[in-house]
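For the sequence shown, position 65 matches number 65 in the working numbering, and the numbering has no gaps at all.
We treat Cβ as the ideally placed atom computed from N, Cα and C, and that holds for glycine.
What follows is a short report on a single structure.
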Amino acid sequence: MEIQLPAQWTLSAFSDEAGDSLDAQIEAAKRANLQFVDLRSLDGFNISIFPTEKASAAKAKLDEAGLGVQMFGSPLGKIDIADDFDIDLKKLRHLGELAPLFDCYAVRIFSYFNKHEAAKSEWEAISLDRLGQLRDEAKALGLKLYHENERHIFGDFGRDVKKLAELRNENFATIFDFDNYNQSGEDVWEIWELLRDVTDSMHLKDSTTENQHVPVGQGNGQVERILRDAISRGWSGPLAVEPHLSNSKAVAATGPGGTRNEAFASMSSADSFHIAVETAQELIARANS
């Protein structure tokens, strides 16, 4: 559906949840009347390793469909603090090569796991140091990083996101993911009150008290209330629908928490993607009315 977005808002979606191929993703985005997509995986490649020689053909398809790329859904920071940091630096530099080819300079990132249970102070110090280095590299590459609050990384709980938000500048920003805060056991409204002044983007994803993924606004994420508050305060930024309704290859690759929603089990990825985007569009329209 077509909706009137609040001023300086843009709406996108993780199109790989509709299909593996770029062609399938474009078809789903057009069906939902989207103007942008977030590229996480396409044609068998994660965006962080997508071959540069294939980029021009992919961009031509997107241009023909009238679609822009809002953000690269990279996996940077989704490794352990004990893992080699060069893994992320190499991926970031590759994304720097892809950026002008896709006309996209925004990159989603995370803030590191701690599977060996190092002391919280060590986890924090290593994570913040790495994020600072990524931010410096992003500046050199002309990129802007967007940190997502993911389960079990350093920036999982709101209080820790508040700490890493001190890194915010023209090359480092934060994403507010409603579902992930809910699944971490936090009161999403209280976290919004804590972080709304340092929130630069949103992921429209929702889950119930039992951590089952549902269309946005139908769970425990208090999404409509938060969107209304954001609009009333003049907040602006990019939003992306991240459906997580079907057990697609793209969803499985993210390693999401939560339980499967059987209501969508027999539905195609394209159809569940469409429901997720359409529900989000309707929710934004209500919040903006």
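Query, Result
"Which residues mark the beginning and the end of the alpha helix (DSSP H) in which R108 is found?", "Taken as a continuous stretch (DSSP letters only), R108 belongs to no alpha helix (DSSP H), being part of the beta strand (DSSP E) at 106-109."
"Does the Cβ of G185 have 16 or more other Cβ atoms within 10 Å, making it buried, or fewer, making it exposed?", "exposed"
"Given 8 Å as the limit, is there contact between the stretch 65-78 and the stretch 36-48, that is, 3 or more CB pairs closer than that?", "yes"
"In this structure, what does DSSP give as the bridge partners for L101?", "DSSP lists no partner for L101."
"Run through the DSSP bridge pairs and tell me what W9 is partnered with.", "G237"
"Near N261, which residues of its chain fall below 7 Å by C-beta distance, leaving aside the five closest residues on each side in sequence?", "Q212, H213, V214, L245"
"Shorter than 6 Å, the distance from the beta carbon of V277 to the closest heavy atom of the ligand SAH, or not?", "Among the ligands in the structure shown, none appear at all, so the ligand SAH cannot be discussed."
"According to DSSP, which residues form a beta bridge with G68?", "F36"
"Write down the C-beta distance between S12 and P238 rounded to the nearest angstrom, noting that I regard them as a contact closer than 8 Å.", "7 Å"
"Could you pull the start and end residues of the alpha helix (DSSP H) that E278 belongs to?", "269-287"
"In whole angstroms, what separates the C-alpha of D84 from that of I126?", "12 Å"
"Taking the alpha-carbon of R228 as reference, which of E210, A263, W192 has the nearest alpha-carbon?", "W192"
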